[in-house]
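Protein chains: 2
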Amino acid sequence: MAMTPSMPRPVPDPLVELIAQRFRVLAEPMRIKLLDRLRDGPASVGELQEALSASQQNVSKHLGILLNAGMVSRTRAGTSAYYAIADEGVFELCDQVCGSLRKQIDELEALLAEGIRR
Amino acid sequence: MAMTPSMPRPVPDPLVELIAQRFRVLAEPMRIKLLDRLRDGPASVGELQEALSASQQNVSKHLGILLNAGMVSRTRAGTSAYYAIADEGVFELCDQVCGSLRKQIDELEALLAEGIRR
DNA sequence: CCGTTGTACAAGTATTCAGTTGTGTTAACC
DNA sequence: GGTTAACACAACTGAATACTTGTACAACGG
């Protein structure tokens with residue numbers, strides 16, 4: 005279950021659109037932070053608001069986008085709404101991105117070291 | 005070499021910014037298509053322009069963004085510029101996104117089927 | 001009830017960014 | 001050299017979207 009089976013080539017436009025839309029959801033620092041905070045467990049809007057020191061409306065809005073994308077789930081309890089990670093896969097994505105970033109940084113450092121030496 | 009070693013929690017802001025920036029690069033259908041086309045091997049701007057039926061300036065611009073992000077490499081030959089995939093990892097990212105998408109679609113279908121039955 | 005608390009929605013503003021247009025630059029060919 | 005072709009860069013325009021402000025709604029406590 006490693007590979008998506010039989011990915012059509014070239015990738016059809018509607019699928020490209022879906023993929024891009026998915027990446028767009030993760031293309032905002034605030035949403036990355038929200039997911040990162042939710043990695044420690046479910047949290048209410050107020051808790052997230054305080055943890056990220058952002059406005060309630062802003063937090064609620066971004067959570068709505070994540071919910072709409074199916075990346076988090078919402079559970080209402082009294083007046084509070086508790087959000088939780090619904091798709092653990094997002095962390096694999098972030099880890100891979102971090103891996104690529106580290107690789108690039110290492111290569112840059114290697115180039116710099118070589119540059120200093122000559 | 006599966007996990008990024010010792011990811012700090014919470015993820016520091018500058019790293020969050022870098023991650024989001026990375027996702028933002030992939031958040032555009034045109035760039036996804038360019039990478040998809042380059043999966044078949046290096047290609048010049050003109051070839052990509054024709055394959056995607058887009059303007060030369062637009063293709064060149066998006067390739068510049070991909071180049072700046074370190075996802076593709078550029079090789080000049082005469083008046084032509086040949087671009088190639090520099091970071092194969094992007095395809096793993098896309099595959100994972102496709103996996104998540106498929107999972108969601110399957111769950112939706114399951115819900116629909118159940119809804120019809122009752 | 002009535003006020004407080006927690007959350008979501010809507011309108012307005014500001015910013016960001018994609019796509020086009022126009023132009024500059026470099027290399028091959030006559 | 002002059003011309004053509006391939007690519008890249010900069011300014012402009014329009015659309016998408018993030019963030020703020022204001023408000024509405026629901027649940028709980030007095």
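Residue numbers (the numbering used here), protein chains in the order written: chain R, 5 to 122; chain C, 5 to 122. Note that beta-carbon positions come from the ideal geometry of N, C-alpha and C, so glycine has one too. Keep in mind it's a predicted model, so treat the numbers as computed, not measured.
- Closest in alpha carbon position to G74 (chain C), among C:V29, C:L56, C:E96, C:P14, is C:V29.
- Non-local beta-carbon contacts of P12 (chain R) in its own chain, meaning distances under 7 Å to residues more than five positions away in sequence, are absent.
- When Cβ-Cβ separations below 8 Å define contact, E113 (chain R) makes no contact with chain C.
- For the options C:Q25, C:D110, C:P46, the alpha carbon positioned closest to that of S84 (chain C) is the one of C:P46.
- The alpha-carbon separation between Q100 (chain R) and A31 (chain R) amounts to approximately 15 Å.
- Close to D110 (chain R), with beta-carbon spacing below 7 Å, lies no residue of chain C; the smallest spacing is near 12 Å.
- Shown here for L56 (chain R): same chain residues with a beta carbon closer than 8 Å to its own, the five before and five after excluded, namely M34, K37, L38, R41, V63 in chain order.
- Burial state of A24 (chain R) is buried, judged by a 10 Å Cβ sphere holding 16 or more other Cβ atoms.
- Put simply, the CB of V76 (chain R) is far from chain C, with every gap to its CB atoms at 8 Å or more.
- Where V29 (chain R) is concerned, there is no enclosing beta strand (DSSP E), although the alpha helix (DSSP H) around it starts and stops at 17-29.
- Approximately 7 Å separates the beta-carbon atoms of V49 (chain R) and L67 (chain R); this is inside 8 Å, confirming the contact.
- Taken through DSSP and simplified to helix, strand or coil, A47 (chain R) comes out as strand.
- Counting C-beta atoms within 10 angstroms of its own C-beta, L22 (chain C) has 16 or more neighbours from the protein chains shown and is therefore classed as buried.
- Here the alpha carbons of F95 (chain R) and V76 (chain R) stand approximately 12 Å from one another.
- Among the CB atoms of chain C, none fall inside 8 Å of the CB of E118 (chain R).
- Taking 8 Å as the upper bound for CB-CB distance, G93 (chain R) and G93 (chain C) are not in contact here, some 16 Å apart.
- Taken through DSSP and simplified to helix, strand or coil, S84 (chain R) comes out as strand.
- Look at S77 (chain C) here: in three-state DSSP terms it is strand.
- When Cβ-Cβ separations below 8 Å define contact, G68 (chain R) makes no contact with chain C.
- Using a CB distance cut-off of 8 Å, V101 (chain R) counts as an interface residue toward chain C.
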